[in-house]
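Undergrad:
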Amino acid sequence: AHTIEFLLVTESQDTDNYYTSGFMGLAPTQVNPYGAPAFIEQVHYYGRDERGKLIDPGWEAVFSFYMLASDVYYGKFTFGGYDMKYARAGKKESDIFWMPMCCNEYYWTVHMGKVGFTSRYGLKELQMQARMAIMDTGMSLAFIPPADFEALRTHLEEGREMRIERHPEHNLWTVDCSD
Numbered sequence: 014a015h016t017i018e019f020l021l022v023t024e025s026q027d028t029d030n031y032y033t034s035g036f037m038g039l040a041p042t043q044v045n046p047y048g049a050p051a052f053i054e055q056v057h058y059y060g061r062d063e064r065g066k067l068i069d070p071g072w073e074a075v076f077s078f079y080m081l082a083s084d085v086y087y088g089k090f091t092f093g094g095y096d097m098k099y100a101r102a103g104k105k106e107s108d109i110f111w112m113p114m115c116c117n118e119y120y121w122t123v124h125m126g127k128v129g130f131t132s133r134y135g136l137k138e139l140q141m142q143a144r145m146a147i148m149d150t151g152m153s154l155a156f157i158p159p160a161d162f163e164a165l166r167t168h169l170e171e172g173r174e175m176r177i178e179r180h181p182e183h184n185l186w187t188v189d190c191s192d
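In this note's numbering, the protein residues as written are 14 to 192.
Right, here's the structure in full:
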């Protein structure tokens, strides 16, 4: 048996409105100041024998998730790989698009050059100044260079009755999702 270290938060002021039983940080490497290795590093390390060889050679330091918009059924987290039975019907392994990490060892960061949107009118690509993106399903805030944000904002508002506006009391941008 192995002990996996993690940081436990027992009280927080900014998570009261989340329907959850907890949070788990899944950074690729250690980012906390308390010295515990990243959870994913520890799980990968303990999947090795005493010589350092992977017990399951198919196991990788990756994780996947399957999310459902349902109060009845639950999603699924998989450590060490993925399961195609949770992919959209008809999808195959060849449909998975892998990107190598770059630029920042503390976040799941990838190279980026443009952002594309597909709609009934076809594909629209926006050139971005930013050259990397952080892939994170749990970010409560997203950071983007001002020029890239304006291009994205203009595209999203174009032809829609949606406005992305700065919140009057906070330095945050909001979208009215009531319609």
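Even glycine gets a Cβ: it sits at the ideal position worked out from N, Cα and C.
(1) Mark Arg133 as exposed unless 16 or more other C-beta atoms lie within 10 angstroms of its C-beta, in which case mark it buried.
(2) Spell out a yes or no on whether the stretch 86-106 and the stretch 125-143 are touching, meaning 3 or more CB-CB pairs, one atom from each, closer than 8 Å.
(3) With DSSP run on the structure shown, which of helix, strand or coil describes Asp192?
(4) Could you have a look at His196 and say whether DSSP puts it in helix, strand or coil?
(5) Give me the DSSP bridge partner(s) of Arg176.
(6) Does the distance from the C-beta atom of Trp186 to that of Glu174 stay below 8 Å?
(7) Check Lys98 in the structure and name its three-state DSSP category.
TA: On the basis of the supplied data:
(1) Looking at its Cβ environment, which holds fewer than 16 other Cβ atoms inside 10 Å, Arg133 is exposed.
(2) no
(3) Unreliable placement is indicated for Asp192, whose pLDDT of 49 sits below 50; the coordinate value is still reported in the next sentence. Coil.
(4) Residue 196 lies beyond the range of the chain shown here (14 to 192); nothing can be said about it.
(5) Beta-bridge pairing links Arg176 to no other residue.
(6) no
(7) Judged by DSSP in its simplified three-state form, Lys98 adopts helix.
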